[in-house]
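Counting from 88, one number per residue, gives the positions in the sequence shown under this note's numbering.
Every residue, glycine too, gets a C-beta built ideally from N, C-alpha and C.
Model, not experiment: these values are computed from the prediction.
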Amino acid sequence: MAPEIHMTGPMCLIENTNGELVANPEALKILSAITQPVVVVAIVGLYRTGKSYLMNKLAGKNKGWSTVARSQLTTVLTSWAQAILSPQPPE
């Protein structure tokens, strides 16, 4: 049985710290524990153009990304991630 992935919402994967891009060890640990196939979705765009709305729709949620967007996504040079496990057919 695959290990449980505990990522309840978006978390910063890479951030700009004193001019250097630094990976978040907690996010890397969670993402490296995923053993099933992964699909990566990247969305970029100007402020208030629907990025959070689209990510929430893809995640099947009504909130989550919008909270991050208002508080922290406006920071320059950051990358955010959220692991959402898809149901797998029985073997």
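Residues sharing a beta bridge with residue i, DSSP
i    : result
T104 : E107
M94  : Paired residues: none, contrary to the question.
Three-state class that DSSP yields for residue i in the structure shown
i    : result
S139 : helix
S119 : helix
A170 : coil
Cβ separation of residue i and residue j, assumed to be a contact under 8 angstroms, to the nearest whole Å
i    : j    : result
L100 : A114 : 5 angstroms
L117 : A146 : For clarity, residue 117 is Ile in the given sequence; the question names Leu instead. Actually they do not touch by this definition, with Cβ atoms about 15 angstroms apart.
Q167 : M94  : It should be pointed out that residue 167 corresponds to Trp in this sequence rather than to Gln. Contact doesn't hold; Cβ gap of about 11 angstroms is too wide.
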